[in-house]
């Protein structure tokens, strides 16, 4: 990823991105806090990994759009308490591709990163994810970072169909899945800077 000037972080543009991201989250009964936490978690990991400030900011702002493709899903699928049918699961697995199509074709570095993140944030380190079955470093860095942040936030957030668990329990589950679902190096960074993750959660709960 190349360096970009601060003009790509225009305040009005970033506000528009955030509000576009709220569309998908609103339908899942999520609060705007989910988007703020995702942005914060992704920034911490990207920044502490050693990316430049601009690169970390691009990934963090783009991460807000990770589930934009869910706008094509029925409300009943987004709030389902129970197992999906094979047909319903196939519909759900389309949302990364739809999200990438929505965000594709832009010249904006943030939207370009958003396209990649939307497409790849459900890929897994061991190749068992979707939609492409990518593995290890075939998965773009933004997608790997967002996958980790998204799972942590899902585990520590209450939903109509599940209770939340503690951040410490969620961290343990993520560590247990290192090298399977998640990039081991990112799990290490996430663990080493967990105090910053906790602070972001505290400020956006």
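Numbering (our numbering), first residue to last: 83 to 287.
Here a beta-carbon is modelled for each residue, glycine too, at the ideal position from N, C-alpha and C.
Values in this document were obtained by computation on a predicted structure and should not be read as measured data.
* Asked: Along the chain, where does the alpha helix (DSSP H) that runs through residue 241 open and close?
  -> Looking at the DSSP string, residue 241 is not in any alpha helix (DSSP H), and its letter there is neither H nor E.
* **Cβ neighbour criterion (16 or more within 10 Å) applied to residue 119** => buried
* Counting only runs that start and end within the segment 161-212, where is the beta strand (DSSP E) found for 3 or more residues in a row? -> none
* Output the distance between the C-alpha atoms of residue 265 and residue 217, rounded to the nearest integer angstrom. => 10 angstroms
* N- and C-terminal bounds of the alpha helix (DSSP H) containing residue 154 -> It is not in any alpha helix (DSSP H) - residue 154 carries neither H nor E in the DSSP assignment.
* Beta-carbon spacing of residue 173, residue 185 below 8 angstroms -> no
* Based on the DSSP output, what are the partners of residue 264 in its beta bridges? -> As a beta-bridge residue in DSSP terms, residue 264 pairs with 260.
* Ignore the nearest five residues each way along the sequence and tell me which others in residue 243's own chain have a CB closer than 6 angstroms to its CB. => 163
* C-beta contact flag for residue 225 and residue 202 at 8 angstroms -> yes
* Report the rounded CA-to-CA distance for residue 142 versus residue 165, giving the unit in angstroms. => 31 angstroms
* Asked: Helix or strand or just coil, what does DSSP make of residue 226?
  -> helix
* For the alpha helix (DSSP H) that contains residue 278, what are its first and last residues? -> 276-285
* Apart from the five residues just before and just after residue 179, which ones in its own chain have a Cβ nearer than 8 angstroms to its Cβ? -> Correct list, in chain order: 151, 201 and 213.
* Please work out which residues of its chain come closer than 6 angstroms, Cβ to Cβ, to residue 260, disregarding the five sequence neighbours upstream and downstream, and give them in chain order. => 266 and 269
* Cβ shell of residue 140 (< 6 angstroms), same chain only, five flanking positions each side left out -> Hits under 6 angstroms: 191, 192 and 195.
* Note down, in chain order, each residue of its chain lying with its Cβ closer than 6 angstroms to the Cβ of residue 125, except the 5 sequence neighbours on either side. => 138 and 142
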